[in-house]
Amino acid sequence: MTHLDKLRIWNKTIRVMASKHQAVQLPKEGQPDAGLTRDYAQNPLHRFKKPGSKNYQNIYPPSATLHLSNIP
1 MTHLDKLRIW
11 NKTIRVMASK
21 HQAVQLPKEG
31 QPDAGLTRDY
41 AQNPLHRFKK
51 PGSKNYQNIY
61 PPSATLHLSN
71 IP
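Going by full-length UniProt numbering, the sequence shown runs without a break in its numbering and finishes at 72.
Here it is, written out as structure tokens:
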């Protein structure tokens, strides 16, 4: 979060901080929502889902350099 707080993106500064809430309440099935919440927990593209997949030494702030890996 520290790398994203006060980051300038699309000519605006974003603020990122920890929530005081332990969990986000998702809308119930069939309830209307404004599209503001989405659950990515079961998404196959979730990079840090598997135990041991988090390498905190490889976390860097955003930069102009694009890093690509695992490309066939």
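Backbone N, C-alpha and C define an ideal beta-carbon position, used for all residues, glycine too.
* **Whole-angstrom distance between PRO27 and ASP33, CA atom to CA atom** => Going from the Cα of ASP33 to the Cα of PRO27 covers about 7 Å.
* Going along the chain, which residues of its own chain have a beta-carbon closer than 8 Å to the beta-carbon of MET1, five neighbours each way excluded? -> The answer, listed in chain order, is VAL16, MET17, ALA18.
* To do: For LYS8, write down the residues that DSSP places opposite it in a beta bridge.
  => It should be pointed out that residue 8 corresponds to Arg in this sequence rather than to Lys. In the DSSP output, where bridge partners are listed per residue, ARG8 has THR13.
* DSSP state of GLN31, grouped into three classes? -> Secondary structure at GLN31: coil, using DSSP grouped into helix, strand and coil.
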